[in-house]
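What follows is a set of notes on a single structure, which appears directly below.
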Amino acid sequence: MVQFPYVNYAMTKSDSRIAVYTGSFDPITLGHLNVIERCSKLVDKLIVGIGVNIDKQVLFTPEERIEMIREATARLGNVEVREFTGLAVNFVRECGARVMIRGVRSLSDMEAEFTMTLANRQLDPGIETVFLMAGEEYSHISSSLIKQIASLAGDKELLKFVPPAVAKAIRKKMEQD
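This note's numbering numbers the first residue of the sequence shown as -2 and each following residue consecutively.
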């Protein structure tokens, strides 16, 4: 095996199967939750990494997103939620994982994810990216879509896209604005 000086292989070797699913999750959707639930059945531990980009306009703070994801995944005993800044590949390495999970909804997602995977492979060849397709009933849902329709949709409609706690949090945010 080729050794890369910036990769700490001792830290990434483990008997447990740890995977990391990164994203902004602003807010978490039923599509994200579908990927989390399915992935949690494949690994010993799934870490959901909430990426923080200070240049990105967000609806929820990192703390609010962490709380919503923890509530939505509470019944899954092997899911942990953490915040991170910087490169996702560095976060995966810091978690002691060698697998990065990426949820994809469409071919256009695949194109962007393919490019990112190639870059991540250059940054750390010891980390593999695994793609999970969102269930077909969720393939059209995105956080951007939720933000666009939230002010127009009623609670019944919003619950088709997000968990109940998230719908409630969205409503609360809208009342504050």
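Every residue, glycine too, gets a C-beta built ideally from N, C-alpha and C.
The structure presented is a predicted model; accordingly, all values stated were derived computationally and were not measured.
Review point. Residue 157 by DSSP, collapsed to three states: which one?
Key: The answer is coil: DSSP assigns residue 157 none of H, G, I, E or B.
Point to revise | Neighbour-count burial assignment, residue 39, 16 or more Cβ in a 10 Å radius | key: exposed
**Study point:** residue 20 - DSSP class collapsed to helix/strand/coil
**Key:** In the structure shown, residue 20 adopts extended strand secondary structure according to DSSP, grouped into three states.
Practice item. For residue 156, collect the residues of the same chain with a Cβ closer than 6 Å to its Cβ; drop the 5 residues on either side in sequence, then sort them by chain order. Key: 164
Practice item. Using DSSP bridges, identify the partner residues of residue 47. Key: Note: residue 47 sits in a beta bridge opposite 20 and 80.
Point to revise | Sufficient close CB pairs (3 or more, under 8 Å) joining the stretch 20 to 27 to the stretch 64 to 76 | key: yes
Point to revise | C-beta contact flag for residue 129 and residue 35 at 8 Å | key: Yes. Within cutoff.
Review point. Taking residue 140 as the reference, which of 166, 127, 17 and 29 has the closest Cα?
Key: 29
Practice item. Could you name the residues of the same chain whose beta carbon sits closer than 7 Å to that of residue 41, not counting the 5 residues immediately before and after it, in chain order? Key: 13, 14, 15 and 75
Practice item. Would you mind stating whether residue 85 and residue 44 have Cβ atoms separated by less than 8 Å? Key: no
Exercise for review: Specify, as a first and last residue, the run of the beta strand (DSSP E) that residue 86 falls within.
Suggested key: Run containing residue 86: none in the beta strand (DSSP E); it sits in the alpha helix (DSSP H), 85 to 91.
Exercise for review: Determine the direct distance from the alpha carbon of residue 151 to that of residue 61, and round the result to whole angstroms.
Suggested key: 22 Å
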